[in-house]
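Step one of this worksheet: look at the structure below.
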Amino acid sequence: MCEEKGKPSIQYTRCRYEERRAKAAFKCVPVLVFTVARNVLKFSRAPSRMAAPEGSSVEVLTVSLNTLRSLRSTVTQFLKTLAEGPKYENNQDGEGDLLEVTTKAMGEIRNKLRELETQMAGLTPSSVPVNLGNTGLLSLDPSPDKLPQYYQLLDCYTYMEKVHSYSTTLHSVLSANNLKRSALSAKRRRPIQLNHNVPQQQVDMLIQGINQMFQDMNLTLSRPFGNNAVVQVALGRVLKAVVTFKGILIEWVVVRAHNESLLDEDGKVDLYTPSQYKVFQKVTDNANAAMLNFCSPGFSDLSVRSFFTWLHSFVSLFTDVCKKCNYHLHNHMPPTWREFRTLDPFHEECKP
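So this is what it looks like as structure tokens:
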């Protein structure tokens, strides 16, 4: 009690005054805290919707953000002081210290709020709304532990930064070696020619030109199976042959004697029945070997002419002698082999 002989003293009156002042101040604390929190929340969201007018610098917005950050720090320290109490220096308890600390903190908060309002008045709201897309929903996640999108996005941004850095370095390296095979421009390739799918007129002109090259060899062209041509060859009075084409490439050859028919019982071209004579069976085997030797997809016209030139050399099948043994017959067989370059006749046992 601060009384002396029933009369209040000056110290007692001062204690009562400080007590009433503290009670009044603490009654205003909840209202002030609510007001400060609402203003801080409003101003913390405001800069994201504000834009500096034309001609003004970005420094105004930067200063406003710094002031807002300082205001939030002051409010946090004020609430911490209310919860834990003031920290006394030299471990000494003092009367009225909490009141002085809170009063000083509220004064700082009022000054910073006034300063922030003044700075925000110089900013104008943006006329174009910012479309955040799905990233605007990140703030609605109440539990980062269950759905850690923020940390995943952070890792993604870090990875993309590394990709950009590495790609920049790689671009500089490739630009320095642009004369080597690692150049950025792709090498142009020659277009592929499809010899199995050519116009019929091209095959007709080729066979007609070959037919005019040799007077004693007659070529008859037909298409019994559609687009692919079948050529019937009559070489003097020596042999006959059926040459099957696929496009402009020779696919199969059958050689028969002059007295054998090239047609079957139904009047169609017989493509596969071999000759009944041993000599022409051997010539058929050699003709298919020559067809494979002369085959050249890049020079298909030349390969067809070379094959028919080789086949025309059999016009003297029964009159030529072997270039090696100088005999006409060997094992009762004439020379059924013709050398691919010189067209010289050889027996099967004498060929090089």
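So the sequence shown is numbered by the working numbering: it starts at 5 and just counts up by one.
C-beta: ideal position from N, C-alpha, C; glycine also.
Going by alpha carbons, who is nearest to residue i out of the options?
i: Q219; options: P278, V319 and L333; result: V319
i: M124; options: T106, Y163, T71 and H168; result: T71
i: M295; options: I254, T66 and V105; result: I254
i: K116; options: P356, L69, Q280 and L102; result: L69
i: A261; options: T248, M110 and K286; result: K286
i: A291; options: K244, P152, C329 and N330; result: K244
i: M65; options: K108, E121, F350 and L321; result: In the sequence under discussion, the amino acid at residue 65 is Leu, which differs from the Met named in the question. Nearest C-alpha to L65: E121.
i: K108; options: Q81, Q153 and F350; result: Q81
i: T206; options: V242, V259, F249 and S176; result: The amino acid at residue 206 is misidentified as Thr; the sequence shows Gln. Selected option, being the one with the closest Cα: F249.
i: V237; options: V247, F229 and N231; result: V247
i: R241; options: V259, Q216 and N263; result: N263
i: Y276; options: V283, K282 and L267; result: L267
i: Y154; options: T173, T346 and N138; result: N138
i: L321; options: R345, V283, G302 and F344; result: V283
i: Q204; options: F229, M217, Q216 and A180; result: F229
Under three-state DSSP, which class holds residue i?
i: F249; result: strand
i: P349; result: strand
i: T340; result: coil
i: V105; result: helix
i: L321; result: coil
i: V242; result: coil
i: L3; result: Missing from the structure shown is residue 3; the chain here goes from 5 to 356 and no further.
i: A55; result: Confidence at A55 is low in this model, with a pLDDT of 46, below 50, so the placement of that residue should be treated as unreliable; the coordinate-derived value is given next. Correct three-state label for A55: strand.
i: H334; result: strand
i: R260; result: strand
i: P356; result: coil
Residue range of the alpha helix (DSSP H) that residue i falls in?
i: V207; result: Q204 to M217
i: S74; result: E63 to E88
i: Q236; result: No alpha helix (DSSP H) contains Q236, which is instead part of the beta strand (DSSP E) from V234 to L239.
i: L275; result: Run containing L275: none; DSSP gives neither H nor E here.
i: K282; result: K282 to F298
i: N166; result: In the sequence as displayed, the identity of residue 166 is Lys instead of Asn. Start and end: Q153 to A180.
i: L315; result: S304 to H316
Whose C-beta lies closer than 7 Å to the C-beta of residue i among residues of the same chain, with five residues either side of it excluded?
i: E112; result: T78
i: S307; result: F298, C299 and S300
i: S166; result: According to the sequence provided, residue 166 is Lys. The question's Ser does not apply to it. Correct list: empty, nothing qualifies.
i: N231; result: Q204
Which residues in the same chain have their Cβ closer than 8 Å to the Cβ of residue i, if we skip the five residues on either side of it in sequence?
i: I211; result: L223, L225, A233 and V235
i: S265; result: D274
i: E353; result: H334 and N335
i: I214; result: L223, V308, R309 and F312
i: S74; result: K116
i: R342; result: N290, A294, W314, S317, F318, D348, P349 and F350
i: C329; result: H351 and C354
i: L174; result: none
State the start and end residues of the unbroken beta strand (DSSP E) segment that holds residue i.
i: L223; result: M221 to S226
Grab me the residues of residue i's own chain with a C-beta within less than 6 Å of its C-beta, minus the 5 sequence neighbours each way, in chain order.
i: V257; result: V247, A291, N292 and M295
i: Y281; result: A261
i: L239; result: M221 and V319
i: N201; result: G251
Quick one: any contact between the stretch 257-275 and the stretch 325-335, if contact means 3 or more CB pairs under 8 Å?
In short, these stretches do not touch, since the Cβ pair count stays below three.
Given 8 Å as the limit, is there contact between the stretch 306-313 and the stretch 330-343, that is, 3 or more CB pairs closer than that?
No, they do not touch.
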